[in-house]
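Protein chains in written order, with our numbering: chain G, 25 to 382; chain P, 25 to 382.
In this text, a Cβ means the ideal position worked out from N, Cα and C, and glycines have one as well.
This report refers to the structure that appears directly beneath it.
2 protein chains.
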Amino acid sequence: MSTAKRGSAVTMHEVAARAGVSIKTVSNVVNGYQYIRPATKERVEAAIADLGYQVNISARNLRRGRTGIIGLAVPELSLPYFAELADSVIRAAEARGLTVLIEQTGSVRERELDVLSGQRRHLTDGLIFSPLELGPQDAEALHVDFPMVLLGERIFGGPADHVTMNNVEAARAATQHLLDLGRRRIAVIGAHEGETVGSAALRVQGYRQALEEAGLPVDPALIGEAGLWHRATGAETMERLLDSGVEIDAVFGLNDALALGALHALHARRIDVPGQIAVIGFDDIEETAYSSPTLTTVAPGREQIATTAVDLLLARIEELEPGKPFVQVITDFEIIGRESTLGERAPVAAVPPASQSA
Amino acid sequence: MSTAKRGSAVTMHEVAARAGVSIKTVSNVVNGYQYIRPATKERVEAAIADLGYQVNISARNLRRGRTGIIGLAVPELSLPYFAELADSVIRAAEARGLTVLIEQTGSVRERELDVLSGQRRHLTDGLIFSPLELGPQDAEALHVDFPMVLLGERIFGGPADHVTMNNVEAARAATQHLLDLGRRRIAVIGAHEGETVGSAALRVQGYRQALEEAGLPVDPALIGEAGLWHRATGAETMERLLDSGVEIDAVFGLNDALALGALHALHARRIDVPGQIAVIGFDDIEETAYSSPTLTTVAPGREQIATTAVDLLLARIEELEPGKPFVQVITDFEIIGRESTLGERAPVAAVPPASQSA
DNA sequence: CGCGCCTTCTACATCGATGTAGAGTGGCGC
DNA sequence: GCGCCACTCTACATCGATGTAGAAGGCGCG
């Protein structure tokens, strides 16, 4: 280590010249080729250290036809669920020697389509894509010629590997949790009227199933529409439901942001949670363990989703099994009971899940 | 559009063959070179569309020596502040034709150093780096030979452009806000004992200044240490302070996560906010507008930080002014008053109380 | 008419690495 | 002594684009 830090310059040629070998030998050393005399290897390594040489990734990419980068397309990082998902994907990718390039679609249909055809695909070896707007009608556009793994529940049987959770079942369990606590007038926040695909539709379906199994009617007045699943819309929808005068003793927010928004609206009106109204969310973002009250929610197995997606993508990239039919992986979920449904007796988390830092 | 979607194959050679021109002419068309006969241009463009040709970025990168990618190194995306910052940086970069590659350092010193020397630097044209562990003693390592912009307040006068806010002043204003409300026993959460650089030190310094200007003593018992600025540590520190029996009528969380954790702990103990204790945070993450109560905080001008950083980096990359001395940009801040200090009269994103059911 | 200039396009070298083919050495079995 | 294999290394072509130099044709100007 001495002449290092020269920036652009140093190439294999210079290393080769200094070590007195051919450039291919340098390449072989760098890539751990087996048949190299120890003495030669040492000389090359010394030259590399001396010159501060680093492989030029662009050149390697060109030659190898791979970049070692995978794309991750999500709506927005400012939505905690996607930020936490991105965190997990980055960790999983890193563990496998991959780098992640994030693209934000802003839940805009056109931008979601761009992702599928964009320039960027040449920068990456594959894509993990979580669409919010595209649906089965876009099957054609999804028929891309590069490795892709889809996340979420908007597209089933599509032309790609797919990782998702059992939304219907999870929503049923969430609703059942409220029913088990004796709640009977359970409102939903975040429904998308008329939609038949996507998280909203599936979760509402699970909600209906639970009610029906319990022999309870499904009251349309309890189903609150909310296009965007943000805190703000959750609060607005909660208020609309309250203003409507309909009787409510529990709320199922179809994601945590909506539920937290609802919590906010309830707090503003001095309505006791869970005394008067119990609230459950969906996603288990870190914030739910720290809201007041803490929020009961459905944990979708974020880590599992991330590692599974990266593994599937990597398998496609490496074509371990060419022509392997597309698979669909359903991940596990779990109900995390907290104060917003169980009251003060709920175990209040003192420490956040996962996320290890020193 | 017809034969498209072939994946790997199509190169300029094929386009050139189809259009009956040289490959350089195709390149010229793609790059908007001026002197091309309209008829030729059309033929080439038709061929490009026909074959679904897309430039191979790796090849272009190799030739041009630039990748169009900038790195963004942050501690963790699961920390809302950094997720929102990443969101802003991605948007700003996109507007300038750049792509962002995110690297998580997990606030681990070694990983922060890796970022400065790692392989990845060859993938990117420059780096926006927000260190949490490195400090002035690492000036040597920061002396990198690629364009870099530093964020945050750990390093001043370092060998790079630097974007930061006026932490001392902002913390002074936050403390003043509490003083203006008549609070006199203001606790701090998130101090780092013994540190003289970094957000913690600077914000505590601002806190001290405000107290001193008001002629109040600085009581060490009110200064709560918290290494990690997470919700969990905020809650723990709050509890420790409460248990200590020291008199407290306000809390200054050195970031929002700490303040939200404190809010959580106060709620658990049924302590009224702001009735008994007022709370102010720092960062203005989205969550603060929806917590219960909503959290007063200091908005650091995230968008401004992001766009400034990207602009500075781009200027370095393009070497518009070679040898230009490193600049330091101080961004604006603003106190956002909400319920946690102002009480119910604070403008809440809600609606006046109305009829309530069951 | 000759010269230079503008326009349009092409041929070729080049960016920095890796794959392929093969040269050269030495050891081993028969 | 011959053939074969294992080891070690090299020369060269190649990935797909872009920069350079210059050719070819047409036009204006003195």
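The Cβ atoms of P:Glu38 and P:Val53 do not sit closer than 8 Å to each other. Within chain P, no residue has its CB atom less than 8 Å from the CB of G:Gly361, the nearest being about 16 Å off.
For G:Glu342, the closest Cβ of chain P is not nearer than 8 Å. In terms of Cα proximity to G:Ser223, the closest of G:Ala250, G:Ser102 and G:His288 is G:Ala250. Between P:Gly159 and P:Val98 a beta carbon distance of about 17 Å is seen, past the 8 Å cut, so the two are scored as non-contacting. Interface flag for P:Thr91 against chain G is set, since a Cβ pair is found closer than 8 Å. Counting other Cβ atoms within 10 Å of its Cβ, G:His186 reaches 16 or more and is therefore classed as buried. Annotation note: the region 248 to 319 of chain G contains the following uninterrupted alpha helix (DSSP H) runs of length 4 or greater, listed N- to C-terminal: 255 to 267 and 280 to 292.
Distance from the CA of P:Gly95 to the CA of P:Leu125, rounded to the nearest whole angstrom, comes to 5 Å. The alpha-carbon separation between G:Pro349 and P:Glu118 amounts to approximately 35 Å.
Taking 8 Å as the cut-off between beta carbons, the residues of the region 315 to 330 of chain P near chain G are Ser315, Ser316, Pro317 and Thr318, in sequence order. DSSP links G:Gln328 through a beta bridge to no other residue.
By a beta-carbon distance limit of 8 Å, G:Ser268 does not contact G:Leu287. Their separation comes to about 19 Å. Collapsing the DSSP output to three states places G:Ile152 in a strand.
Taking a Cβ-Cβ cut-off of 7 Å, the neighbours of P:Ser102 in chain G comprise Ala107, Glu108, Asp111, Glu310 and Ser379, given in sequence order. Apart from sequence neighbours up to five positions away, the residues of its chain that approach P:Thr355 with a beta-carbon distance below 6 Å are Met189, Gly325, Gln328 and Ile329, ordered along the chain. In the three-state reduction of the DSSP assignment, P:Leu174 falls in the strand class, which pools E and B. The alpha-carbon separation between G:Gly258 and G:Phe276 amounts to approximately 11 Å. Residue-level contact by beta carbon fails for P:Leu166 and chain G, as no gap is shorter than 8 Å. As for any beta strand (DSSP E) of minimum length 3 sitting wholly inside the region 155 to 238 of chain G, the runs are 172 to 175, 185 to 189 and 210 to 215, ordered along the chain. Contact annotation, P:Ala211 with P:Ile272: C-beta distance approximately 5 Å; criterion of less than 8 Å satisfied. For chain G, the residues of the region 68 to 90 of chain P that bring a beta carbon within less than 8 Å of one of its beta carbons are Gln78, Val79, Asn80, Ile81, Ser82, Ala83, Asn85, Leu86 and Gly89, in chain order. With respect to chain G, the C-beta atom of P:Gln58 has no partner C-beta closer than 8 Å. Per DSSP, reduced to three states, the secondary structure at P:Glu345 is coil, with no helix or strand assignment. Three or more pairs of CB atoms, one per stretch, sit closer than 8 Å, so the region 81 to 90 of chain P contacts the region 84 to 94 of chain G. When the alpha-carbon of G:Gln161 is set against those of G:Asn191, G:Glu219, G:Val113 and G:Ile309, the nearest one is in G:Glu219. Counted as a single uninterrupted DSSP element, the alpha helix (DSSP H) harbouring G:Val54 occupies residues Ile47 to Val54. Judged by DSSP in its simplified three-state form, P:Ala33 adopts coil rather than helix or strand. DSSP places G:Glu66 in the uninterrupted alpha helix (DSSP H) bounded by Pro62 to Leu75. When the Cα atoms are used, P:Val297 and P:Pro241 turn out to be separated by approximately 24 Å. For P:Glu100, there is no enclosing alpha helix (DSSP H), as DSSP marks it with neither H nor E. Between P:Leu175 and P:Arg227, the C-beta spacing is not below 8 Å. Nearest Cα to P:Ala215 within the set P:Gly182, P:Ile341, P:Ile360 and P:Gly230: P:Gly230. Shown here, P:Thr321 sits in a strand according to DSSP, grouped into three states.
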